[in-house]
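Residue numbers (this note's numbering), protein chains in the order written: chain P, 20 to 351; chain B, 465 to 717. Positions of the beta carbon are idealized from the N, C-alpha and C atoms, including for glycine. Here the structure is a predicted model, which is why all the values come from computation and not from measurement.
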Amino acid sequence: MPLQLSRDFPQSSYNAAPASAIVAPMQSIISVAGLSKTYATGLNALKDINLEIRAGEIFALLGPNGAGKTTLIGTICGIVNPSAGHVRVAGHDIVRDYRASRSLIGLVPQELTTDAFETVWDTVSFSRGLFGKAPNPAHIEKILKELSLWPKKGSMIRTLSGGMKRRVMIAKALSHEPQILFLDEPTAGVDVELRRDMWQVVRALRASGVTIILTTHYIDEAEEMADRIGVISKGELILVEDKTVLMKKLGRKQLSLQLQQPLTAVPASLAAFNLALSAGGSELTYTYDSHVERAGIATLLKALDEAGVAFKDLQTTQSSLEDIFVNLVKVG
Amino acid sequence: MNVHAIRAIYAFEMARTRRTLFQSIISPVISTSLYFVVFGAAIGSRISEIEGISYGAFIVPGLIMLSLLTQSVSNASFGIYFPKFTGTIYELLSAPVSFFEIVLSYVGAAATKSILLGVIILATAWLFVPVQIQHPVWMVLFLLLTAVTFSLLGFLIGIWADNFEKLQFVPLLIITPLTFLGGSFYSIHMLPPFWQTVTLFNPVVYLVSGFRWSFYGLADVSVGVSLGMTLVFLGVFLAVVAWMFRTGYRLKA
Numbered sequence: 020m021p022l023q024l025s026r027d028f029p030q031s032s033y034n035a036a037p038a039s040a041i042v043a044p045m046q047s048i049i050s051v052a053g054l055s056k057t058y059a060t061g062l063n064a065l066k067d068i069n070l071e072i073r074a075g076e077i078f079a080l081l082g083p084n085g086a087g088k089t090t091l092i093g094t095i096c097g098i099v100n101p102s103a104g105h106v107r108v109a110g111h112d113i114v115r116d117y118r119a120s121r122s123l124i125g126l127v128p129q130e131l132t133t134d135a136f137e138t139v140w141d142t143v144s145f146s147r148g149l150f151g152k153a154p155n156p157a158h159i160e161k162i163l164k165e166l167s168l169w170p171k172k173g174s175m176i177r178t179l180s181g182g183m184k185r186r187v188m189i190a191k192a193l194s195h196e197p198q199i200l201f202l203d204e205p206t207a208g209v210d211v212e213l214r215r216d217m218w219q220v221v222r223a224l225r226a227s228g229v230t231i232i233l234t235t236h237y238i239d240e241a242e243e244m245a246d247r248i249g250v251i252s253k254g255e256l257i258l259v260e261d262k263t264v265l266m267k268k269l270g271r272k273q274l275s276l277q278l279q280q281p282l283t284a285v286p287a288s289l290a291a292f293n294l295a296l297s298a299g300g301s302e303l304t305y306t307y308d309s310h311v312e313r314a315g316i317a318t319l320l321k322a323l324d325e326a327g328v329a330f331k332d333l334q335t336t337q338s339s340l341e342d343i344f345v346n347l348v349k350v351g
Numbered sequence: 465m466n467v468h469a470i471r472a473i474y475a476f477e478m479a480r481t482r483r484t485l486f487q488s489i490i491s492p493v494i495s496t497s498l499y500f501v502v503f504g505a506a507i508g509s510r511i512s513e514i515e516g517i518s519y520g521a522f523i524v525p526g527l528i529m530l531s532l533l534t535q536s537v538s539n540a541s542f543g544i545y546f547p548k549f550t551g552t553i554y555e556l557l558s559a560p561v562s563f564f565e566i567v568l569s570y571v572g573a574a575a576t577k578s579i580l581l582g583v584i585i586l587a588t589a590w591l592f593v594p595v596q597i598q599h600p601v602w603m604v605l606f607l608l609l610t611a612v613t614f615s616l617l618g619f620l621i622g623i624w625a626d627n628f629e630k631l632q633f634v635p636l637l638i639i640t641p642l643t644f645l646g647g648s649f650y651s652i653h654m655l656p657p658f659w660q661t662v663t664l665f666n667p668v669v670y671l672v673s674g675f676r677w678s679f680y681g682l683a684d685v686s687v688g689v690s691l692g693m694t695l696v697f698l699g700v701f702l703a704v705v706a707w708m709f710r711t712g713y714r715l716k717a
């Protein structure tokens with residue numbers, strides 16, 4: 020379903036450079052210090068988390084199931100009581116100044132939890148009131164139109180599809196014009212078209228100045244949208260990095276050569292290169308750092324020629340964020 | 465004070481009443497009317513007057529109180545339990561609302577519904593038996609205090625309950641028996657002395673007695689004690705709900 024965007028969500032923003040590249044230096048809008056959470060069951064879900072979320076960025080929080088992503092979000096939003104540590108939202112302590120901090124936040128939880136017997140209009144209007152904002156039918160109309168929900172405004176939520184319900188939850192979270200939006204697995208279980216629509220919504224919101232923190236299992240989603248990546252594993256924040264820096268730092272490239280004649284071993288004259296044989300000796304792989312300016316490919320090709328190793332095809336591949344994530348979590 | 469939130473929750477809860485009008489209002493009115501038909505017209509005519517009041521008229525305050533107590537508890541418990549059950553409680557917990565505002569809006573809506581029901585039952589009773597209200601201000605006061613107090617009880621039951629069975633447990637197995645044994649259908653002076661003493665441990669006795677006094681000037685215990693006990697229950701339930709919100713008991717992990 021096409022997304023209709025108003026002047027507040029300009030189309031041009033879709034191709035905008037990452038916020039980190041536009042606004043510098045960015046101020047911290049969420050500050051997490053020494054945050055820990057131990058549940059009554061004894062599960063230590065968060066361990067001394069320290070994190071700064073910058074205003075206006077899209078921050079992707081990655082981690083396997085049970086890593087602590089939802090607990091971290093729940094704690095910042097006031098749903099989970101912290102065991103230790105502090106969280107400040109725009110300078111407001113989430114416990115002492117909960118009114119000020121919560122009024123800045125919109126939350127779209129992972130589960131599709133809606134009031135099945137309410138209409139779309141009523142439930143979104145309810146959320147606005149709950150967050151202390153006076154009724155504003157024009158704003159509600161704008162949100163519903165932007166999320167392609169306007170034709171369904173009088174429909175009971177139970178009659179909507181899963182994708183539409185997900186939109187309703189986003190509309191509810193945006194009803195009080197939050198400065199920060201938490202999206203916990205926003206595209207879990209939705210089809211490809213809706214995923215792309217969601218990405219558009221997220222980018223448009225970021226362009227309008229909203230800070231977005233999203234958790235996702237779709238690494239390509241984080242790779243596509245995030246300015247910065249945080250990886251959480253077993254309750255510990257093991258990495259926070261600018262996405263492009265992360266890709267450069269941990270990304271690696273591989274040159275694969277399909278040989279004309281299989282080799283039984285890498286020739287001694289090529290020992291200086293980081294080479295590996297595979298596919299029964301018919302494929303030679305050269306692994307190198309993507310951020311190294313002189314990767315030595317030309318030298319390698321010359322050395323191969325001198326060693327009499329002929330190849331019929333070649334290709335290069337770059338490790339994706341998914342590869343990086345899997346490696347990090349394995350280590351963590 | 466987050467007035468918009470209070471208004472939003474209150475309107476949301478009242479809208480639920482409108483959607484379930486039959487269950488919320490009509491059904492208790494029908495069942496109460498049946499009490500009047502059975503105890504007032506059919507059996508009541510064979511029962512002698514109690515302190516100069518016809519039996520049908522005597523049971524009116526008790527019947528209203530029976531509905532008021534059960535409906536206050538049911539309305540409020542369901543109001544807070546349902547968001548817990550569906551998961552929409554996340555929104556309430558993440559909103560900039562205080563414990564007091566949440567209680568005020570949920571309990572206010574539940575009390576409004578049960579008061580409305582009490583008024584409808586009173587009007588229905590007028591069709592069957594001659595009802596007098598000697599102390600209308602006290603009647604309204606008892607009606608309000610009882611509705612609010614037991615809506616608070618319902619609210620804390622709704623937070624405590626983690627399944628529908630528990631939600632029904634207190635109204636069906638505690639409130640209703642206590643109301644039946646709390647002098648709704650008789651004066652406790654009609655009981656043997658031992659059971660009169662035992663009955664005084666039933667909190668509903670004080671509510672029914674004070675309420676009946678506001679109608680006919682007849683009371684099993686003094687009106688001051690009735691009012692005092694009602695306020696004690698109010699204070700206790702409020703304190704328990706405050707503790708639940710402070711600790712996050714069955715609300716927050």
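* To do: Please state whether DSSP places H599/B in a helix, a strand or coil.
  => In the displayed model, H599/B falls within coil according to three-state DSSP, outside both helix and strand.
* Asked: With 16 as the cutoff for other CB atoms within 10 Å, does A472/B come out buried or exposed?
  -> buried
* Starting from the beta carbon of S99/P, find every residue of chain B whose beta carbon is closer than 8 angstroms, and list them in chain order. => In the sequence under discussion, the amino acid at residue 99/P is Val, which differs from the Ser named in the question. Those are K716 and A717, listed as they occur along chain B.
* To do: Pull up the distance between the alpha-carbon of V502/B and that of S495/B, whole angstroms please.
  => 11 angstroms
* Terminal residues of the continuous alpha helix (DSSP H) containing D684/B? -> Counting along the chain, D684/B falls outside any alpha helix (DSSP H), and DSSP gives it neither H nor E.
* **Buried or exposed (CB count within 10 angstroms, at least 16 for buried), F486/B** => exposed
* To do: Would you tell me roughly how many angstroms separate the C-alpha atoms of P492/B and S174/P, rounded to the nearest one?
  => The straight-line gap from Cα to Cα measures roughly 30 angstroms.
* **Strand pairing of R247/P, partner residues [DSSP]** => F78/P and D261/P
* Asked: For F644/B, which of F614/B, W624/B, S615/B and I523/B has the nearest alpha-carbon?
  -> I523/B
* How big is the Cα-Cα spacing for Y545/B and V127/P? -> 21 angstroms
* **Cβ-Cβ distance between P197/P and L123/P below 7 angstroms** => yes
* I think G526/B touches G647/B, with their Cβ atoms under 8 angstroms apart; what is that distance to the nearest whole Å? -> 7 angstroms
* Can you say whether T60/P is buried or exposed, counting buried as having 16 or more other CB atoms within 10 angstroms of its CB? => exposed
* Indicate whether V537/B and F614/B have their beta-carbon atoms separated by less than 7 angstroms. => In this structure, F614/B lies closer than 7 angstroms to V537/B by Cβ.
* Start and end of the beta strand (DSSP E) containing A575/B? -> Not the beta strand (DSSP E): A575/B falls in the alpha helix (DSSP H), residues F563 to F592.
* Thinking V328/P and P286/P are a contact (beta carbons under 8 angstroms), I'd like their distance in whole angstroms, please. => 7 angstroms
* Asked: Pairing CB atoms from the segment 214–225 of chain P with CB atoms from the segment 241–260 of chain P, are three or more of them under 8 angstroms?
  -> yes
* K152/P versus chain B: which residues are under 8 angstroms apart at the beta carbon? -> H468
* **Neighbour list for L133/P in chain B, Cβ cutoff strictly below 8 angstroms** => Here residue 133/P turns out to be Thr, not Leu, going by the sequence shown. T550 and T552, listed in chain order.
* To do: Could you name the residues of the segment 54–72 of chain P whose beta carbon sits closer than 7 angstroms to any beta carbon of chain B, in the order they occur along the chain?
  => Y58
* Which listed residue (F709/B, I517/B and W602/B) has its alpha carbon closest to that of L691/B -> Comparing Cα positions, the closest option is W602/B.
* Asked: Hey, out of A291/P, G181/P, V250/P and G148/P, whose CA is closest to Q129/P's CA?
  -> G181/P
* To do: With 9 angstroms as the C-beta to C-beta threshold (strictly closer), list the residues of the segment 144–170 of chain P near chain B in chain order.
  => Flagged, chain order: S144, F145, S146, R147, G148, L149, F150, G151, K152, A153 and P154.
* To do: List in chain order: all unbroken beta strand (DSSP E) runs of 3+ residues lying wholly within the segment 619–664 of chain B.
  => none
* Asked: Where does I514/B fall in DSSP's three states?
  -> strand
* How would you label N627/B, buried or exposed, when you count the other beta carbons within 10 angstroms and need 16 or more for buried? -> exposed
* Nearest neighbour of G516/B, chosen from T663/B, Y670/B, G688/B and S651/B [CA to CA] -> The candidate whose alpha carbon is nearest that of G516/B is S651/B.
* Asked: DSSP puts T306/P in a beta bridge; with which residues?
  -> Q273/P
* Asked: Which residue's Cα is closest to the Cα of A74/P: I199/P, R118/P and R215/P?
  -> Cα-wise, what sits closest to A74/P is I199/P.
* Contacts around I41/P, its chain only, beta-carbon distance under 6 angstroms, and the 5 residues preceding and following it disregarded -> Legend: pLDDT at I41/P = 37, less than 50; position of this residue unreliable, value from coordinates given subsequently. Around I41/P: no qualifying Cβ.
* According to DSSP, what are the bridge partners of E71/P? -> Looking at the DSSP output, E71/P shares a beta bridge with S50/P.
* Asked: Residue range of the alpha helix (DSSP H) that I523/B falls in?
  -> Counting along the chain, the alpha helix (DSSP H) containing I523/B begins and ends at Y519 to T550.
* Kindly list, in the order they appear in chain P, the residues whose Cβ is closer than 7 angstroms to that of S491/B. => For S491/B, no chain P residue has a Cβ inside 7 angstroms of its Cβ, as the nearest lies near 18 angstroms away.
* Output the distance between the C-alpha atoms of I489/B and L530/B, rounded to the nearest integer angstrom. => When rounded, the distance between both Cα atoms is 14 angstroms.
* **Within 7 angstroms, strictly: CB atoms of V300/P and T283/P** => Per the sequence presented here, residue 300/P reads as Gly, with Val not at that position. For G300/P and T283/P, yes; Cβs fall inside 7 angstroms.
* **Short CB-CB distance (under 7 angstroms) between G712/B and chain P** => yes
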